[in-house]
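For the record, in the sequence shown the residue sitting at position 143 is 148 according to the numbering used here, with numbers rising by one throughout.
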Amino acid sequence: MGRRSFKLPTTPALLSLYYGINSETLTEETGYYFLERDGVYDIVIQNYPACNKVCEQHGWHMHGHKFWILGTGKGEWTASDEQIASLNTEDPILRDTVISVPDATKVDVHRPCGWTYLRFVAKNPGVWYFHCHQAWHVLMGMNVAFVTAMEDVGPPPEDMITCGDVTRDVVFAKEETQESECDSGDSISVAAVVLISLGTLILGVVMTVLRFSMAKPKIDENHTTAISLQSDLKKDAHDP
């Protein structure tokens with residue numbers, strides 16, 4: 006992808022990012038793309054001939070998300086006006102797998118031979134692979150990983166078998182850090198509750214005094230205040 010060969014890390018990417026171990030090796034150069042949560046992203050799969058000059062089909066599968074197939078075409082994607090106008094943004098098919106389209110059997114080995122245009126919303130926290138479903142092509146590095154909202158990823162199961170550089174000491178250190186943060190947060194929460202309770206008590210006393218010291222106002226039905234709740238109309242992030 007992107008003229009790069011995907012490289013598997015020594016520690017699974019999700020664990021590496023969660024525990025902060027060797028995560029600096031997870032970059033676009035090694036096939037890892039860090040996406041904004043709820044961001045809308047387009048992918049163009051550009052097909053090229055294999056070494057035997059055959060323009061092969063590739064079954065591309067995305068984990069953790071589904072994508073809209075906006076269009077396919079022959080040759081090279083150049084973002085021309087004609088190609089952009091051919092994209093279906095009204096009622097495209099929603100899938101998690103697509104077959105890349107070749108436009109010839111025997112072609113010049115250096116000539117592009119078909120494109121597929123996809124769009125998806127990065128709304129699922131975690132590390133998600135997008136790869137060709139031919140096992141040999143996966144081993145060759147024909148895949149990428151999309152990383153989204155790692156701060157929203159919960160802890161792994163307690164009985165998880167660790168691997169790579171995730172040792173028992175690493176797991177314990179992470180748990181101790183989280184417990185320390187929780188304890189700090191609990192102290193702040195208790196203090197806030199106490200302050201709010203005192204404020205409510207004082208406000209109640211003041212309101213009681215005012216209620217008995219002021220005359221009951223006359224209600225004018227012709228001058229009441231209407232409170233309306235409205236929200237801006239925005240394009241649904243799930244629409245293509």
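Built from N, CA and C at the ideal position, the CB exists for glycine as well.
In the three-state reduction of the DSSP assignment, H138 falls in the coil class.
As the crow flies, the alpha-carbon of L22 is around 13 Å from that of W133. Secondary structure of L22 (DSSP, three-state): helix. Between the beta-carbon of W82 and that of V49 there is about 5 Å, and that keeps the pair under the 8 Å contact cut. Taking the C-beta atoms as reference points, Y53 is found no nearer than 8 Å to L92. The beta carbon of G44 is closer than 6 Å to those of A127 in its chain, skipping five residues each way along the sequence. In chain order, S10 place their CB closer than 8 Å to the CB of M145, counting only its own chain and leaving out the 5 sequence neighbours on each side. Contact holds between the stretch 154-172 and the stretch 14-34, because three or more Cβ pairs, one in each stretch, are under 8 Å apart. Secondary structure of F125 (DSSP, three-state): strand.
Taking a cut-off of 8 Å on C-beta distances, the stretch 151-168 touches the stretch 27-45, as three or more cross pairs fall below it. D86: member of the alpha helix (DSSP H) spanning D86 to S91, first to last residue.
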